[in-house]
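Colleague: Under UniProt numbering, the sequence shown has 109 at position 109, and the numbering climbs by one with no breaks. Glycine included, every Cβ here is placed at the ideal spot set by N, Cα and C. No experiment lies behind these values; they were computed from the predicted model shown.
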Amino acid sequence: MVMRIIYNLSLSAVIVCLLQSCIKNDIGYPQIVLSIIEMQVTGQQGNALVSEENRTVTLNIEETQDLKKVQVTAFTVTEGAESTLAVNDIIDLTSPYKVTLSLYQNYQWSILAKRNIDRTYKLQNQVGVSDINEEQRLAVAYVTKDTKWKELQLLELKLGPVGATYNGSTEIPSLNWTVYSNYASAKILVKYKDSFEEEWEVRAYRKDKNAETKQADGWVNVAWLYGEGLEGEDNGFEIRETSALEWQKVDKSYITFDGAAFTACVPHLKAETEYICRAYSGTDYGTELSFTTGKAVEIPGGLFEDWSKEDKGNNKILWKPWAEGMEKGYWDTGNKGATTVGTSNTIPVFDTWNGSGKAAQLKSVYIVLKFAAGNLFVGDYLRTDVTDGVLSFGKPFTERPTRLKGHIKYTSVIIDKSTSEFSYLKGRPDSCYIYVALGDWDEPVEIRTKKSERKLFDKNDPNIIAYAEFISGKTIPQYTELDLPLVYRSTSRVPKYLVLVCTASKYGDYFTGGDGSTLWVDDFSLKYDYDD
């Protein structure tokens, strides 16, 4: 995270800005953004997902919970705010539930429920995995080409909560199939107590082949292959370079099997090379799919060797993480703000992991009246908004690495500076925070640190394709290797931007941290293969 820093030109200006930092409305009341901080209800799974930008709270609810009668067990809002919702209230979450927070102004939030029902539908002689469409309430399965419609046999069925009935039966029901030109269909009424009732259609289609190559996603040195076949057969993949004649079977150790579906993560491929693959099931082969691997691209400036400086007068030096003569680089810092009243707190040093070249030192400091965390990020410092920064996170990037590597060390100082909302952290060790994300945003992610307009990076952003983070509240006295495997949320989506952020104080966005906490980072690089 990049931390808010003082940007005023003098101490008097700082004080004036602090006195005026609350935006006034027409009748003189301060405008304070009100938020739901935490929420818990009966039947909830995991933590609530809070979106400040959309003013929504999304709750994952277990399948047997009655959504018409959900009890609030924990509810925390911005200090001082009044709420139309309170602990122990019983609410209906079958549709978005509106909550109003009030303190001088009203802010309306929406509570959204997602009921997670694990649904299955499986037939005898089924090829591949069933397609279950919750919106259309339609489940489709495929069977072998010689399966007779009158011999269709239902093996597994679960379309509602545990304990639901299917056409009045708690067991797998006997279905009355209606045969059409190319498929058979049956209707099923799913009920659970008095809180759940849905009518579903299940279908069966015949398939000409028992093998299907569903998808092939080529990265750089890795490919992800997806196939389906007949459960119990010898299932797998074959692959070859386009220029080669002989197929190579993918080692079974690279394949994960889930019933009739199977997925391969194939490592050690050549970069910038075209391949062809196909799934097989028994003696049947699926369609051949081609893909081209990408290029192993390094992070520009990731060695932290290139720096330039600008004399701001009064013994203040603005250090910039790019070479002399450049207007801007791949990386940036909050130094432009820090040097309005002090000197840079992210600087180059010769204290490196291997004794050669330079590293970046990020030091959290207390400047005049505010705490400023040392930071370094891929992106640009855009402008100053009174006493707060507006930043741009991310630079164009389209490859899919598997991990971030580098070298770091850290000095953790006890948290001695904080705002009221994080005062409970005082006395605890400060934590460094490094995170990397690949996303398909259409433009860089804008970051605003001003409290009334706060917009920070959200690791649950649906545009994120892959993410990894490192947090440590302990001092790391000697350089240690940083190795962050990226966790992908999709193997097919192609990134547009790389976000990479380092800070010496995790909660610096909120003026909270330890004065003197220092993070050193050196020689960051991206890796594109997986180990066996």
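Is Lys150 helix, strand or coil by DSSP?
Modeller: Position 150 of the sequence shown, counted from the start, is the residue given in the question as residue 150. Lys150 falls in the helix class under three-state DSSP.
Colleague: Using the Cα positions of Gln248 and Gly282, report the straight-line distance between them to the nearest angstrom.
Modeller: Here residue 248 refers to the residue found at position 248 of the sequence shown. Here residue 282 refers to the residue found at position 282 of the sequence shown. Those two C-alpha atoms are separated by around 16 Å.
Colleague: Can you check the region 231–261 for any beta strand (DSSP E) of at least 3 residues that lies completely inside it and give the ranges in chain order?
Modeller: You should have 235–241 and 255–258.
Colleague: Assign Pro348 to one of two classes, buried (16 or more other C-beta atoms within 10 Å of its C-beta) or exposed (fewer than that).
Modeller: Counting from one through the sequence shown, the residue named residue 348 turns up at place 348. Flag for Pro348 reads buried.
Colleague: Less than 8 Å between the beta carbons of Ile90 and Val70, yes or no?
Modeller: Within the sequence shown, numbered from 1, the residue matching residue 90 stands at position 90. Within the sequence shown, numbered from 1, the residue matching residue 70 stands at position 70. Going by C-beta atoms, Ile90 is nearer than 8 Å to Val70.
Colleague: By Cβ distance, which residues of its chain are closer than 6 Å to Ile27, with the 5 residues on each side in sequence left out?
Modeller: Residue mapping note: residue 27 aligns to position 27 of the sequence shown, counting from 1. Model confidence at Ile27 stands at a pLDDT of 47, short of 50, so the residue's coordinates are unreliable; what they give is reported in the following sentence. There are no such residues.
Colleague: What is the residue span of the beta strand (DSSP E) that Asn60 lies within?
Modeller: The count along the sequence shown starts at 1 and reaches residue 60 at position 60. Asn60 -> beta strand (DSSP E) spans Thr56 to Glu62.
Colleague: Would you decide whether Lys376 is buried or exposed? Buried here means 16 or more other CB atoms lie within 10 Å of its CB.
Modeller: Residue numbering aside, residue 376 sits at position 376 when the sequence shown is read from its first letter. What sits at residue 376 in the sequence shown is Leu, not Lys. Leu376 comes out buried.
Colleague: Curious, which full-length beta strand (DSSP E) runs of at least 3 residues does the region 314–402 contain?
Modeller: Runs found: 316–320, 346–349, 359–363, 365–367, 370–372, 375–385 and 388–393.
Colleague: Hey, how far is the Cα of Gly286 from the Cα of Lys450?
Modeller: Walking along the sequence shown from the start, residue 286 turns up at place 286. Walking along the sequence shown from the start, residue 450 turns up at place 450. Computed Cα separation, rounded: 55 Å.
Colleague: Quick check: the Cα distance between Val41 and Tyr510, rounded to an integer number of angstroms?
Modeller: As a working note, residue 41 is residue 41 in the sequence shown. As a working note, residue 510 is residue 510 in the sequence shown. Roughly 28 Å between the two C-alpha positions.
Colleague: On the DSSP bridge list, what partners appear for Leu484?
Modeller: Position 484 of the sequence shown, counted from the first residue, corresponds to residue 484. Paired residues: Leu404.
Colleague: Using the three-state DSSP reduction, which class does Ser492 fall into: helix, strand or coil?
Modeller: Here residue 492 refers to the residue found at position 492 when the sequence shown is read from its first residue. Coil.
Colleague: Using beta carbons (cut-off 8 Å, strictly below), is Gly294 in contact with chain D?
Modeller: Protein chain content of the structure displayed is limited to a single chain, and chain D is not contained in it.
Colleague: Under 8 Å between the Cβ atoms of Val220 and Tyr528?
Modeller: The sequence position of residue 220 within the sequence shown is 220, counting from 1. The sequence position of residue 528 within the sequence shown is 528, counting from 1. Contact flag set, yes.
Colleague: Give me the residue from Glu63, Ile37, Glu62 and Gln45 with the minimum Cα distance to Thr56.
Modeller: Position 56 of the sequence shown holds residue 56. Looking at the Cα atoms, Ile37 is the closest of the given residues.
Colleague: Taking all protein chains shown into account, decide if Leu155 is buried (16 or more other Cβ within 10 angstroms of its Cβ) or exposed.
Modeller: Counted from its first residue, the sequence shown places residue 155 at position 155. Exposed: under 16 other Cβ atoms inside 10 Å.
Colleague: Take Gln153 and list the residues in its own chain whose beta-carbon comes closer than 7 Å to its own, dropping the five residues that flank it on each side.
Modeller: Counted from its first residue, the sequence shown places residue 153 at position 153. Within the same chain, Gln153 has close Cβ partners Leu123 and Gln124.
Colleague: Is it buried or exposed, Asn54, if we count other Cβ atoms within 10 angstroms and call 16 or more buried?
Modeller: For the purposes of this step, residue 54 is identified with residue 54 of the sequence shown, where counting begins at 1. With fewer than 16 other Cβ atoms within 10 Å, it is exposed.
Colleague: Just curious, the beta strand (DSSP E) that Asn116 is in, first and last residue?
Modeller: In the sequence shown, the residue the question calls residue 116 occupies position 116. Run containing Asn116: Gln105 to Asn116, per the beta strand (DSSP E) assignment.
Colleague: Short check: CB of Ala373 to CB of Thr503, under 8 Å?
Modeller: Start at 1 with the first residue of the sequence shown, and residue 373 comes out as number 373. Start at 1 with the first residue of the sequence shown, and residue 503 comes out as number 503. A contact, by the Cβ cut-off of 8 Å.
Colleague: Report yes if the CB atom of Lys395 is closer than 8 Å to the CB atom of Tyr435, and no otherwise.
Modeller: For the purposes of this step, residue 395 is taken as the residue at position 395 of the sequence shown. For the purposes of this step, residue 435 is taken as the residue at position 435 of the sequence shown. Cβ distance not < 8 Å, so Lys395 and Tyr435 don't count as in contact.
Colleague: Could you tell me if Glu274 is buried or exposed, where buried requires 16 or more neighbouring beta carbons within 10 angstroms of its beta carbon?
Modeller: For the purposes of this step, residue 274 is taken as the residue at position 274 of the sequence shown. Its Cβ having fewer than 16 others within 10 Å, Glu274 is exposed.
Colleague: Cys22 to Glu305, Cα distance in whole Å?
Modeller: Indexing the sequence shown from 1 puts residue 22 at position 22. Indexing the sequence shown from 1 puts residue 305 at position 305. Unreliable positioning characterises Cys22 in this predicted model, as indicated by a pLDDT of 36, which lies under 50. The coordinate reading is nonetheless provided below. About 41 Å.
Colleague: Evaluate the contact criterion for the region 441–456 versus the region 482–494: three or more CB pairs, one atom per stretch, below 8 Å.
Modeller: Taking 8 Å as the limit for Cβ pairs, the verdict is that the region 482–494 does not touch the region 441–456.
Colleague: Kindly indicate which three-state DSSP category Leu93 falls into: helix, strand or coil?
Modeller: Taking the first residue of the sequence shown as position 1, residue 93 is located at position 93. In the structure shown, Leu93 sits in coil (DSSP, three-state: anything other than H, G, I, E or B).
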